[in-house]
Amino acid sequence: MSPGQPGAPPREKGGRQRPLLLRGAQGLVTILEWSGKLIAVATLGVMFGALLVNVVLRYAFGTGIPWAYEIHAVLLPWLVAGGIVIAAARSRNIAISLLPDLTPARYQRFLLLAVEIAIVTIAASVLWSSQPILRASSFQTLSTLGIKQVWGYSSLVYAFGGMVVIGAMNILQLLGGIDRPGPDPARTSLS
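End of the sequence shown = 238 in the working numbering, gap-free, step of one.
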């Protein structure tokens, strides 16, 4: 298989093949991005379907599905968590790029490394500090569904755990000499 063909191992500038560890890091980020996409699509589908069926039943029979109001308490946090993981995997988090734009090119990698270390530290501290909330939510039950609220709150672990893993993989790639390209303003502009 020659370089440039679909499925060929990625190559760095200069034609050298990337080490297996760096390819694995990018592969893990891609898997996390896809898991976020699947979670977002599934939660949107279930929430929309429950809302639609509830509206139809209310108009047709005058009564709806009682649990349709509670399902959002479990699924909406998962939808947000999926979006957080997708944004982190694509390096599309909310960011102010003034400082990187003003930094000389030779120092930008160090700045990106510092930002990724800060992201990992903050996300890990959120995971650590959310443990009491997760334990408390295991005692709270949704009245109609009868399930524990920990199922909704566990999305915190997915979202911030995903951010820790993605940040660690980004750090590994930066240390391995792979530049993380910024978003292309021409393709990402909403105007």
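Think of the CB as a built atom: it goes at the ideal place given N, C-alpha and C, for glycine as much as any other residue.
Since the structure is predicted, the reported quantities are computational estimates derived from the model, not experimental observations.
- With 16 or more other Cβ atoms from the protein chains shown falling within 10 Å of its own Cβ, Ser201 counts as buried.
- Spatial neighbours of Pro113 in its own chain (CB-CB distance under 7 Å, excluding positions within 5 residues in sequence) are listed in chain order as Thr191.
- Here Ile143 is exposed, its C-beta having fewer than 16 other C-beta atoms within 10 Å.
- Annotation: Thr191 is outside any alpha helix (DSSP H) and is labelled neither H nor E by DSSP.
- Between Leu158 and the set Asn140, Leu221, Thr188, Ala171, the nearest pair of CA atoms involves Leu221.
- As the crow flies, the alpha-carbon of Arg153 is around 19 Å from that of Ile164.
- Scanning the region 155-207 for uninterrupted alpha helix (DSSP H) segments of 4 residues or longer gives 178-184, 197-200, listed from N- to C-terminal end.
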